[in-house]
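Report on the structure given below.
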Amino acid sequence: MVSGASHRGLFDEAAGERRRVVITGVGAISAAGGGASDFWSAISEGRVCTSALSTFDAPRAAAAGQVDEAWAGPSGAPDWLLARMNRASQLALDAAIQAQTDARIEFNQQNAFAVGAVTGIGHPAAGDGWAALGSGLSGASVGLNIAGPVFTVSMGGASGLASIVLASQLIRSGVMRAALAIGAEAPLQPEIWHAYESAGLLDPTDDHRGQRPFDAQRQGMILGEGAAALMLEDRQLATQRGVHIYAEIAGEALTSGPMGDGQAPTDVEVARRATGDALLGGEIAPADVDVIVTAGLGSPRGDERETDVIERAFGRRTLDMYATAVTPNIGYTVGASGAFGAVAAAQIADKRQIPPHATFEQEDIACRLGFVPKLYEDRIVGTATAAYGAHGQNAALILMPHQAEAGDELPLLAT
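Note that my numbering has the sequence shown beginning at 2, numbered continuously upward.
As structure tokens, then:
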């Protein structure tokens, strides 16, 4: 941990410089396990972690991505706080604590006002603990000590990635020097499951082979619960702290369009604009992006549209890009899905490895993307990911591997 005196100096702004944003910590809790390393193990091994739905009595047999029933809540959180938080809130707090710990960063009275948190959730009305998301993440009693802006966003399936986009933009603008960005969802509740079922979005079988996005045999979603979090920092702060940097956020963007038929992305051109704006904002050429972590919703029309979005955004480059998805491993986690995609993208950029599409068997000629059959290593330049909401919301993120630069080793003077 960095001492309080050092933190205060490190968190002082360098006026007039363009702020760059990096990822220094990741956290994840899902059907794959209780940590980001468990998540990476599952996606890198191509392991399907969905199982028979057991959280409530559904009218039919179905698969789901369920957190281990032995999970007792966020480590170190007091009982009185957990009593105020619903399941999604507790999952969010767990992932946030992981990301902060991974980043080896400590917040205290001197720097807490320079740190914020943005949480994305797709179904805020589910449960009674929605209001506790913000207060829980800022509570000193759980060791986070965040006193800067703490708020939530709800943009359907784009919520988790939108939280990362907004947190990054707040750091770039100078509102914060560091921020936790979290996506969380607990959709394995009767009212939510039945809503997806009645809309015809769920896989009608109890096939435990996992969700099959872009596959010719895909039949719909398998809902999953969980949360993913990233610790974002001003690059100058992170390099002076001397911590590990997973990746740099080169560009990010949000767009919104019509609701359409509810199979996201609902408008191909509006969704493409999100990725296009992320590339433009980061001054990144399509040729510099090697990997796309797809949303992979598994709906017949939605996957065709996502393929169209990717082809429009990257043009001929699409033919040479690697593609992957995490929904085959942990299910569709709705508002958390984009955050899981971002954690995967950060790990890909850091490890220079591309995880396989775990359930891809039969090519759909309308969804021709570069899925790999097993873990693959290559010289990776850029990684892109995007998320889409059923009401027309879109979020996109472009990551670049971090590279040391001259001057990184020079300490900032404490004040």
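Backbone N, C-alpha and C define an ideal beta-carbon position, used for all residues, glycine too.
Taking only runs of the beta strand (DSSP E) that begin and end inside the region 172 to 214, which ones reach a length of at least 3 residues, in chain order?
179 to 186
For residue 92 versus residue 228, is the C-beta spacing smaller than 8 Å?
yes
Decide if the region 323 to 331 is in contact with the region 108 to 122; the criterion is three or more beta carbon pairs, one per stretch, under 8 Å apart.
In short, these stretches do not touch, since the Cβ pair count stays below three.
Kindly provide the ranges of any beta strand (DSSP E) runs that are 3 or more residues long and lie completely inside the region 53 to 129, ordered along the chain.
Segments of the beta strand (DSSP E) lying fully in the region 53 to 129: 116 to 122.
For residue 243, which beta-bridge partners are listed by DSSP?
Partner(s): none; residue 243 has no beta bridge.
Can you tell me whether residue 155 is helix, strand or coil according to DSSP?
coil
Residue span of the beta strand (DSSP E) that contains residue 23, given as start and end:
22 to 30
With three or more C-beta pairs closer than 8 Å as the rule, is the region 95 to 111 touching the region 177 to 184?
yes
For residue 320, count neighbouring C-beta atoms within 10 Å of its own C-beta (all shown protein chains included) and say buried if the count is 16 or more, exposed if not.
exposed
Can residue 427 and residue 383 be called in contact, C-beta distance under 8 Å?
Shown here, the chain extends from 2 to 416; a query on residue 427 therefore has no answer.
Residue 47 versus 385, 354, 367, 191, residue with shortest Cα-Cα distance:
Nearest option by C-alpha distance: 354.
Quick one, are the C-beta atoms of residue 306 and residue 335 less than 8 Å apart?
no
Residue burial classification, residue 195 (beta-carbon count within 10 angstroms, cutoff 16)
Its Cβ having fewer than 16 others within 10 Å, residue 195 is exposed.
For the beta strand (DSSP E) containing residue 360, list its first residue and its last residue.
Here residue 360 belongs to no beta strand (DSSP E), and DSSP marks it neither H nor E.
How far does the alpha helix (DSSP H) with residue 235 in it extend, from its first residue to its last?
Counting along the chain, residue 235 falls outside any alpha helix (DSSP H), though it belongs to the beta strand (DSSP E) covering 227 to 235.
Rounded to whole angstroms, what's the CA-CA distance from residue 304 to residue 409? Just pull it up for me.
Each residue's alpha carbon lies about 42 Å from the other.
Can you give me the Cβ contacts of residue 95 inside the same chain, cut-off strictly under 6 Å, excluding the 5 residues immediately before and after it?
Only 30, 75 meet the Cβ criterion.
Is residue 154 near residue 167, with beta carbons less than 8 Å apart?
yes
Rounded separation between residue 131 and residue 186 - CA only
For residue 131, the predicted model reports a pLDDT of 47, less than 50, meaning its position is unreliable and no value from the coordinates is stated.
Length at least 3, wholly inside the region 250 to 320: the beta strand (DSSP E) runs in chain order:
290 to 294
Distance between residue 352 and residue 403 (C-alpha atoms, nearest Å):
11 Å
Pull up the distance between the alpha-carbon of residue 285 and that of residue 388, whole angstroms please.
19 Å
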